[in-house]
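Asker:
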Amino acid sequence: MSAPHGYNLRPFIISTTKIYDGERIKPRHTSFSLSPAANENSLSAPLDLTPDSVVPASQKDVALRRLEEIVSSMPAPASKTTTLRQRRSVHKTRPREVVARLELHHSADNHDASAWDVDLKYPLGLAERFAFGRRTYRKDHRYARQLDPFEDLVNTISVLLEGTGGCRKSICSALRQAWKGHENWTSAGGVQTFQNTIGALNVLTGHERHRRLTLTPDFLEHFFDQLHDRVIADNCAELLHRTSAKSTENVYGELRPRFLSRIFNHVGLNSKSIYLDLGSGVGQTAMQASLQTQCEAHGIERERRVHALAQYHLTQFRARAELYELPYSHVVLRQGDFLTSRYVRELLSVVHVVLLNNLKLDAETDVKVCDMLEEHLKEGAKVVSTRTLRSLKRGWEDVGVKTMDGWRVERLMYEAESVSWSGRAGEYFVSTRLKG
Numbered sequence: 009m010s011a012p013h014g015y016n017l018r019p020f021i022i023s024t025t026k027i028y029d030g031e032r033i034k035p036r037h038t039s040f041s042l043s044p045a046a047n048e049n050s051l052s053a054p055l056d057l058t059p060d061s062v063v064p065a066s067q068k069d070v071a072l073r074r075l076e077e078i079v080s081s082m083p084a085p086a087s088k089t090t091t092l093r094q095r096r097s098v099h100k101t102r103p104r105e106v107v108a109r110l111e112l113h114h115s116a117d118n119h120d121a122s123a124w125d126v127d128l129k130y131p132l133g134l135a136e137r138f139a140f141g142r143r144t145y146r147k148d149h150r151y152a153r154q155l156d157p158f159e160d161l162v163n164t165i166s167v168l169l170e171g172t173g174g175c176r177k178s179i180c181s182a183l184r185q186a187w188k189g190h191e192n193w194t195s196a197g198g199v200q201t202f203q204n205t206i207g208a209l210n211v212l213t214g215h216e217r218h219r220r221l222t223l224t225p226d227f228l229e230h231f232f233d234q235l236h237d238r239v240i241a242d243n244c245a246e247l248l249h250r251t252s253a254k255s256t257e258n259v260y261g262e263l264r265p266r267f268l269s270r271i272f273n274h275v276g277l278n279s280k281s282i283y284l285d286l287g288s289g290v291g292q293t294a295m296q297a298s299l300q301t302q303c304e305a306h307g308i309e310r311e312r313r314v315h316a317l318a319q320y321h322l323t324q325f326r327a328r329a330e331l332y333e334l335p336y337s338h339v340v341l342r343q344g345d346f347l348t349s350r351y352v353r354e355l356l357s358v359v360h361v362v363l364l365n366n367l368k369l370d371a372e373t374d375v376k377v378c379d380m381l382e383e384h385l386k387e388g389a390k391v392v393s394t395r396t397l398r399s400l401k402r403g404w405e406d407v408g409v410k411t412m413d414g415w416r417v418e419r420l421m422y423e424a425e426s427v428s429w430s431g432r433a434g435e436y437f438v439s440t441r442l443k444g
């Protein structure tokens, strides 16, 4: 699918002809190949941080030299004998042609030309380019967050080096210290040294891990923040625009990844579950459910322009999951009105968890969606909502559980910074359908 309106994409995945072949491809600013096979012989070799054109030590920043020392002192990852299971999984890996169409980029690159950039290698052998351009325009909306390619780069390195303990902290600390003086770097000195240092780190980030990344709340937040910055950030102004001055139902809002992770754990979502998001927006909750729990995830969105962005978002989600070598389950995103959709009514009879962000639904829609859930939802299914269902509006004095009108309702609190529309803490509800 083509990119949303306003995007000027460049290919930001660097890979070989196929993910699993051994052809050599070099990034523009490093002396290291980004091919997995090409680096096998370099695992036991010392890291060479010498740039192509040697820069006198006197011209290098002290922090940069410190960074070089830390990276050089890290032991190269030991080679690991390929098992039969691994060899079989290699043959099942999808060819590069599938991934190549799923371009990864940083949104900041869409606005200002970057004077320089670096390529960071991921465990699968692919690399992503981080361009250090700056935005000069005014923020379009009050929920816009500042994009910072450098922090994104360092946080990604920290994620990929998880398990190295103090080495990871030392490297990230040295990178940040070196970056403080980047505006005073000489074009031939500091920049080149920094680029070659990241090139040396590629040997570690590309080969350090022999096990699956742990899907901690911190990692999930980083993963989906990367997606947001590259796909959603430049479209937020349009998403937040109301199509009708009198309607609040088209207001766009997101539940943050850490909050979603807490919800999925609380309702017991797992690989045997079916999940449905009513009013799925750009599809983030369905994607996170797929990645975190391996459940069958569905979403339906009424607005065509939002659904179009969600479809592009889904392609980038799949590409980034492959970049981190993370499995994900089936995700289906539909466009339509969930109140009249036959697809939704059939799904409600088998679904285990429904997410309904009903905070801005008007009274008429609120009544209709509650009637639909009561009629079609199976016994034991759970509805997670940001407001109580219509028939359950009673006085709530504290967090707790109530049973009424065929529902068991749990009132819970979420922490500050859990939703995009407010920085404050708030309440949400988990309603379990009882036998009618």
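To convert a position in the sequence shown, counted from 1, into the working numbering, add 8. Beta carbons are placed, not taken as given, at the ideal position from N, Cα and C, and that holds for glycine.
#1: In the DSSP assignment, find the alpha helix (DSSP H) that holds residue 165 and state where it starts and stops.
#2: Please return the same chain residues whose Cβ sits closer than 6 Å to the Cβ of residue 48, not counting the five positions on each side in sequence.
#3: Can you tell which of 278, 293, 200, 162 has its C-alpha closest to the C-alpha of residue 427?
#4: Run through the DSSP bridge pairs and tell me what residue 363 is partnered with.
#5: If distances are taken between C-alpha atoms only, which option among 193, 131, 386 comes closest to residue 282?
#6: Going by DSSP, which residues form a beta bridge with residue 356?
#7: Looking at the structure shown, is residue 140 part of a helix, part of a strand, or coil, going by DSSP?
#8: For residue 310, does the three-state DSSP call read helix, strand or coil?
#9: Cα separation between residue 166 and residue 317?
#10: Can you grab the Cα-Cα spacing for the pair residue 394 / residue 239, in whole Å?
#11: Can you check whether the CB of residue 397 is closer than 7 Å to the CB of residue 439?
#12: Rounding to the nearest angstrom, what Cα-Cα distance links residue 168 and residue 127 in this structure?
#13: Are residue 422 and residue 267 closer than 7 Å when you measure CB to CB?
#14: Could you tell me if residue 357 is buried or exposed, where buried requires 16 or more neighbouring beta carbons within 10 angstroms of its beta carbon?
#15: If you follow the beta strand (DSSP E) that residue 3 is part of, which residue opens it and which one closes it?
#16: Give me the Cα-Cα distance between residue 280 and residue 183, rounded to the nearest whole angstrom.
#17: Output the distance between the C-alpha atoms of residue 27 and residue 434, rounded to the nearest integer angstrom.
#18: Find the nearest neighbour of residue 307 within the set 301, 274, 341, 335, judged by alpha-carbon distance.
#19: If you reduce the DSSP assignment to three classes, tell me which class residue 439 lands in.
#20: Using a Cβ-Cβ cut-off of 7 Å (strictly less than) and excluding sequence neighbours within five positions of residue 303, which residues of its own chain qualify?
#21: Hey, would you say residue 286 sits closer than 7 Å to residue 325, going by beta carbons?
#22: Is the Cβ-Cβ distance between residue 130 and residue 221 less than 7 Å?
#23: Grab me the residues of residue 225's own chain with a C-beta within less than 6 Å of its C-beta, minus the 5 sequence neighbours each way, in chain order.
#24: Give the C-beta separation of residue 314 and residue 290 to the nearest angstrom, bearing in mind that I take them to be a contact with Cβ-Cβ under 8 Å.
#25: For residue 448, which residues of its own chain have a beta-carbon under 7 Å away from its beta-carbon, when the five flanking residues on both sides are left out?
#26: Kindly indicate which three-state DSSP category residue 416 falls into: helix, strand or coil?
#27: In angstroms, rounded to a whole number, what distance separates the CA positions of residue 343 and residue 309?
#28: Between the alpha carbons of residue 413 and residue 176, how many angstroms are there, rounded?
#29: In angstroms, rounded to a whole number, what distance separates the CA positions of residue 193 and residue 180?
#30: Would you kindly work out how many angstroms separate the C-alpha atoms of residue 443 and residue 322, rounded to a whole number?
#31: From which residue to which residue does the alpha helix (DSSP H) around residue 381 run?
#32: Going straight from the alpha carbon of residue 390 to that of residue 379, what length do you get?
#33: What number of angstroms, rounded off, separates the C-alpha of residue 233 from the C-alpha of residue 432?
#34: For the putative contact between residue 133 and residue 214, defined by C-beta atoms under 8 Å, what is the C-beta separation to the nearest angstrom?
#35: Using the DSSP secondary-structure output, state which residues sit across from residue 341 in a beta bridge.
Answerer: Reading it off the structure:
#1: What you label residue 165 is simply residue 157 of the sequence shown in a count that begins at 1. Where residue 165 is concerned, the enclosing alpha helix (DSSP H) stretches over 157-168.
#2: By one-based count along the sequence shown, residue 48 stands at place 40. Any reading at residue 48 is ruled out, since the residue's pLDDT is 37, under 50, leaving its predicted position unreliable.
#3: Translated into positions along the sequence shown, residue 427 becomes position 419. When only C-alpha atoms are compared, the closest one is 293.
#4: What you label residue 363 is simply residue 355 of the sequence shown in a count that begins at 1. Answer is 285, 392, bridged to residue 363.
#5: Working through the sequence shown from its first residue, we reach residue 282 at position 274. For residue 282, the nearest C-alpha among the options comes from 386.
#6: The residue given as residue 356 occupies position 348 in the sequence shown. BP columns for residue 356 are empty, so no partner.
#7: What you label residue 140 is simply residue 132 of the sequence shown in a count that begins at 1. Coil at residue 140, not helix or strand.
#8: Locating residue 310 in the sequence shown gives position 302, where the first residue counts as 1. In this structure, residue 310 counts as coil in the three-state DSSP scheme.
#9: Looking up residue 166 in the sequence shown gives position 158. Looking up residue 317 in the sequence shown gives position 309. So the two alpha carbons sit approximately 29 Å from each other.
#10: The count along the sequence shown starts at 1 and reaches residue 394 at position 386. The count along the sequence shown starts at 1 and reaches residue 239 at position 231. Their Cα atoms are separated by approximately 26 Å.
#11: What you label residue 439 is simply residue 431 of the sequence shown in a count that begins at 1. What you label residue 397 is simply residue 389 of the sequence shown in a count that begins at 1. Against a cut-off of 7 Å, the Cβ pair of residue 397 and residue 439 comes out as a contact.
#12: As a working mapping, residue 168 is identified with position 160 in the sequence shown. As a working mapping, residue 127 is identified with position 119 in the sequence shown. Taking the straight line from one Cα to the other gives about 14 Å.
#13: Here residue 422 corresponds to residue number 414 of the sequence shown, with the count starting at 1. Here residue 267 corresponds to residue number 259 of the sequence shown, with the count starting at 1. It is a contact, given that the beta carbons lie within the stated cut-off.
#14: Working through the sequence shown from its first residue, we reach residue 357 at position 349. So residue 357 counts as exposed.
#15: Because the chain here runs from 9 to 444, residue 3 falls outside it and cannot be looked at.
#16: Residue mapping note: residue 280 aligns to position 272 of the sequence shown, counting from 1. Residue mapping note: residue 183 aligns to position 175 of the sequence shown, counting from 1. Cα atoms of residue 280 and residue 183: separation of roughly 43 Å, rounded to the nearest angstrom.
#17: Position 19 of the sequence shown, counted from the first residue, corresponds to residue 27. Position 426 of the sequence shown, counted from the first residue, corresponds to residue 434. Any reading at residue 27 needs caution, since the residue's pLDDT is 30, under 50, leaving its predicted position unreliable; the model's value is listed next. Each residue's alpha carbon lies about 45 Å from the other.
#18: Mapped onto the sequence shown, residue 307 falls at position 299. It is 341.
#19: As a position in the sequence shown, residue 439 is number 431, starting the count at 1. Strand at residue 439.
#20: By one-based count along the sequence shown, residue 303 stands at place 295. Only 277, 278, 279, 281, 282, 283, 297, 337 meet the Cβ criterion.
#21: Here the question's residue 286 lines up with position 278 in the sequence shown. Here the question's residue 325 lines up with position 317 in the sequence shown. Contact: no.
#22: Here residue 130 refers to the residue found at position 122 when the sequence shown is read from its first residue. Here residue 221 refers to the residue found at position 213 when the sequence shown is read from its first residue. Against a cut-off of 7 Å, the Cβ pair of residue 221 and residue 130 comes out as no contact.
#23: Sequence index remark: in the sequence shown, residue 225 carries index 217 (1-based). So the list reads 266, 269, once near-sequence residues are dropped.
#24: The residue given as residue 314 occupies position 306 in the sequence shown. The residue given as residue 290 occupies position 282 in the sequence shown. Confirmed, about 6 Å.
#25: Nothing in the structure corresponds to residue 448, since the chain is present only between 9 and 444.
#26: Counting from one through the sequence shown, the residue named residue 416 turns up at place 408. Here residue 416 sits in strand by DSSP.
#27: Here residue 343 refers to the residue found at position 335 of the sequence shown. Here residue 309 refers to the residue found at position 301 of the sequence shown. Going by the C-alpha atoms only, they are around 5 Å apart.
#28: Taking the first residue of the sequence shown as position 1, residue 413 is located at position 405. Taking the first residue of the sequence shown as position 1, residue 176 is located at position 168. Those two C-alpha atoms are separated by around 54 Å.
#29: Locating residue 193 in the sequence shown gives position 185, counting from the first residue. Locating residue 180 in the sequence shown gives position 172, counting from the first residue. The straight-line gap from Cα to Cα measures roughly 19 Å.
#30: The count along the sequence shown starts at 1 and reaches residue 443 at position 435. The count along the sequence shown starts at 1 and reaches residue 322 at position 314. Rounded to whole angstroms, residue 443 to residue 322 spans 36 Å at the Cα level.
#31: On the sequence shown, residue 381 is found 373 positions in, with the first residue counted as 1. Note, residue 381: alpha helix (DSSP H), 371-384.
#32: Here residue 390 is taken as the residue at index 382 of the sequence shown, counted from 1. Here residue 379 is taken as the residue at index 371 of the sequence shown, counted from 1. Each residue's Cα considered, the two are about 15 Å apart.
#33: The residue you call residue 233 lines up with position 225 of the sequence shown. The residue you call residue 432 lines up with position 424 of the sequence shown. Going by the C-alpha atoms only, they are around 20 Å apart.
#34: In the sequence shown, the residue the question calls residue 133 occupies position 125. In the sequence shown, the residue the question calls residue 214 occupies position 206. With a Cβ gap of about 6 Å, residue 133 and residue 214 count as contacting.
#35: The sequence position of residue 341 within the sequence shown is 333, counting from 1. According to DSSP, residue 341 bridges with 307.
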